[in-house]
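The structure appears right after this line, and notes come after that.
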Amino acid sequence: MSCQEFSLSIVSHGHQAYIVPLLHQLAALEVHNFEVILTLNIIEELAIDLEALPFKVYLIVNPSPQGFAANHNAAFMLSNGDHFVVLNPDIRLIDNPFPALLAMVEQSSSAICAPLIVTATGTIEDSARNFPSPYHLVRRIVGRLLNLPRPREKVPQVGSLLAPDWAAGMFLLVPRAIYTALHGFSERYFLYFEDVDFCARARLAGFEVLVNTEIRVIHEAQRDSHRQLRYMLWHLGSAMKFFASTVYIKILMRRIFGRR
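With the working numbering, you'll find the sequence shown wraps up at 816, consecutive numbering, no jumps.
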């Protein structure tokens, strides 16, 4: 029997400026039915006393940088919670999202659940998406290079719940049984597309992906893949790896036969 409802996995890549405010926000919540597994992917000093926080913090310090998948999989091995939460350090809470997320997963125990991600100005980010294709990826890149407006993708919605093909790994709540069944994130991906692959494998296994539009959190930072050529090339490499995978081929076959 686990002692916590949630295990929050946060990975820092020299992100102290984001980590410390997030930990303070978590500490300010009235209920602390969670533990935090904090991974320092590069060595850094944190200007906060982790032992003084009103929740347990497990600290992992990597001797060399690891990828998104490897970091969260290692955190999962240390975790005790019934629900594993992948949480970016640059997420800011508007209020406590966990009770509503817990209610979501209690209503649909076979679902990966997520809040709606918005910018600091309240603009909805494209965190709930349809599966990409090579054509759509090229179209997005061309549109970005030409600075063209990009309409938000339409995904199935019932009431306040979106049912996208995948949700961005900035904030994902995964029931422990689902994370275990999927064997975590695929470590074939070092950076980018881990969340796409994870949700694709979840769908193939019969699980849902749900985003609650009434639960909102703020994403503060800009995406590196949108700002630096090196990260864009990394993003493209991960995309090509996904498009060549058996997971993507199985998704395509399902679509051919009219299944999501």
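We put the CB at the ideal spot given by N, CA and C, even for glycine.
None of the values given here were measured: they were computed from a predicted structure.
(Q) For Ala603, tell me which candidate among Glu681, Pro577 and Glu776 has the shortest Cα-Cα distance. (A) Nearest of Glu681, Pro577 and Glu776 to Ala603, Cα basis: Pro577.
Q | Buried versus exposed call for Phe813 [16 or more other C-beta atoms within 10 Å across all chains shown] | A | By the neighbour-count rule (16 or more Cβ atoms within 10 Å), Phe813 is not buried but exposed.
Q | Residue-chain proximity (Phe754, chain D), Cβ-Cβ < 8 Å | A | The displayed structure is made up of one protein chain only, and chain D is not part of it.
Q: Output yes or no for whether 8 Å exceeds the beta carbon distance between Arg648 and Ile680.
A: no
(Q) DSSP has Ser563 in a bridge; who is on the other side? (A) Ser563 pairs with Glu591 and Phe640.
**Q.** Runs of alpha helix (DSSP H) lying entirely within the region 643 to 728, each at least 4 residues, in chain order
**A.** Listed in chain order, they are 654 to 663 and 690 to 701.
(Q) Given this structure, state the Cα-to-Cα distance separating Tyr614 from Val592, to the nearest angstrom. (A) 6 Å
Q) Does the Cβ of Met660 have 16 or more other Cβ atoms within 10 Å, making it buried, or fewer, making it exposed? A) buried
Q: Take every Cβ of the region 741 to 757, pair it with every Cβ of the region 690 to 699, and state whether three or more of those distances are shorter than 8 Å.
A: no
Q. Out of curiosity, what's the CA-to-CA distance linking Asn636 and Ser664?
A. 21 Å
(Q) Nearest by alpha-carbon distance to Glu561: which of Gly623, His639, Pro645 and Phe727 is it? (A) Looking only at Gly623, His639, Pro645 and Phe727, the smallest Cα-Cα distance to Glu561 is reached by His639.
Q) Where do the N-terminal and C-terminal ends of the alpha helix (DSSP H) with Asn627 fall, by residue? A) Asn627 -> alpha helix (DSSP H) spans Phe624 to Leu634.
Q) Using the C-alpha atoms, what's the distance from Pro653 back to Val767? A) Across the structure, Val767 and Pro653 are spaced so that their CA atoms are roughly 12 Å apart.
Q. If you compare alpha carbons, which of Ala723, Ser716 and Glu662 is closest to Val642?
A. Ala723
(Q) Tell me the residue span of the alpha helix (DSSP H) that contains Ile575. (A) Gln572 to Ala584
**Q.** Leu718 beta carbon less than 8 Å from that of Ala684
**A.** yes
**Q.** Residue closest to Ile575, alpha-carbon to alpha-carbon, out of Ser563, Leu596 and Leu585
**A.** Leu596
Q) Helix, strand or coil for Tyr614 per DSSP? A) strand
Q | Extent of the continuous alpha helix (DSSP H) run through Leu808 | A | Thr802 to Ile812
Q: Would you decide whether Arg815 is buried or exposed? Buried here means 16 or more other CB atoms lie within 10 Å of its CB.
A: exposed
(Q) Comparing C-alpha positions only, which one of Ala626, Leu609 and Ile598 sits nearest to Val587? (A) Here the closest residue by C-alpha is Leu609.
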